[in-house]
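Counting from 4, one number per residue, gives the positions in the sequence shown under the numbering used here.
In this text, a Cβ means the ideal position worked out from N, Cα and C, and glycines have one as well.
Being a predicted model, the structure only gives us computed values, none of them experimental.
Worksheet for the structure shown next.
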Amino acid sequence: MSVFSAPEVVGHRGFGRGSDSGYRENSAESYLAAVGAGAQWIEIDVRRTADDVLVVHHDAALADGRPIVDLSADACRQHGLLTLDEAFAAVPDAAGVDVDVKTVMEDAVDPAERRTAALLLPAVRREAERRRAAAGRERVFVCSFDPAVLMEVRSGAPDIPLAWMPFVRNPLDQAVAGAAGMGCELVAIDARSFGLTGDPERPGRRSVAYTADVAHRAGLEVVAWCPDPVDAARFTAAGVDAVVVDDVPGVVAALNSN
């Protein structure tokens, strides 16, 4: 199964993190702006509320410090957060959706049916089927730092591609081997793990091209998250299949100039 028509651009939280671009991250307006600027995919961040609704928000808490998992869905809506279903509806059908699942500590002790991955399964199955039918190819995948999410999604929705996203600056060796060992279709690697332009050489770190080649031979597609336009162009030229980026127009222009 091929997820990307490489190389492809994924808008990070829509048009990019924060609101410096003029769009609030993880908003309908941000998604539309990213697709309008050339992104083929939108990355969204999913969390559960106190009343077991999935909402789209990157951080564990609102700006005032209140944890999302302690708030009702209505309280989250009052702060402008979309539900997962609203976010799916806001992303144009022409684009794919990278669902970045953020688990919470309470997933360790709450009843199984209340845990984040369990709440996600029916919604992501419906959306994957809908976008697959509309586009004729896979247009949804699930990504997480938490391997338990990937295991539960694989069990409950085996046809949905999975991406393991190791922690920031994770060694490339562990990222590729870990994703392959878990049976993922993709590995999502922090751009800093590859080494950014201008960084000093790190002894023993494999090149981007070598890493992409090994990942591809293991059956993995490679996603790099948050490179700037210069590194996005360098990574994709070396074989990286997709880049999750904050500067969608800049990266699209850099890729088109190569």
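Between Ala256 and Ala115, the alpha-carbon positions lie close to 45 Å from each other. Residue range Leu87 to Ala93 is occupied by the alpha helix (DSSP H) that includes Phe91, with no beta strand (DSSP E) assigned at that position.
Separation of Cys187 and Ala76 (C-alpha to C-alpha, rounded to the nearest whole angstrom) is 31 Å.
Within the region 20-51, the complete alpha helix (DSSP H) segments at least 4 residues long are 31-39, listed from N- to C-terminus. Under the three-state reduction of DSSP output, Glu11 falls in the strand class. Taken atom to atom, the span from the alpha-carbon of Trp167 to that of Gly207 is near 23 Å. Each residue's CA atom was taken as its position, placing Glu224 and Gly159 some 22 Å apart. With respect to Pro230, Val246 sits close: the two C-beta atoms are nearer than 9 Å.
DSSP places Phe144 in the uninterrupted beta strand (DSSP E) bounded by Val143 to Ser147.
Excluding its 5 nearest sequence neighbours in each direction, Glu130 has C-beta neighbours in its own chain below 6 Å: Phe91 and Val143, listed in chain order. Rounded to whole angstroms, Asp101 and Asp54 show a C-alpha spacing of 24 Å. Taking the C-beta atoms as reference points, Ser196 is found nearer than 9 Å to Arg172. DSSP, read as helix, strand or coil, puts Val127 in helix.
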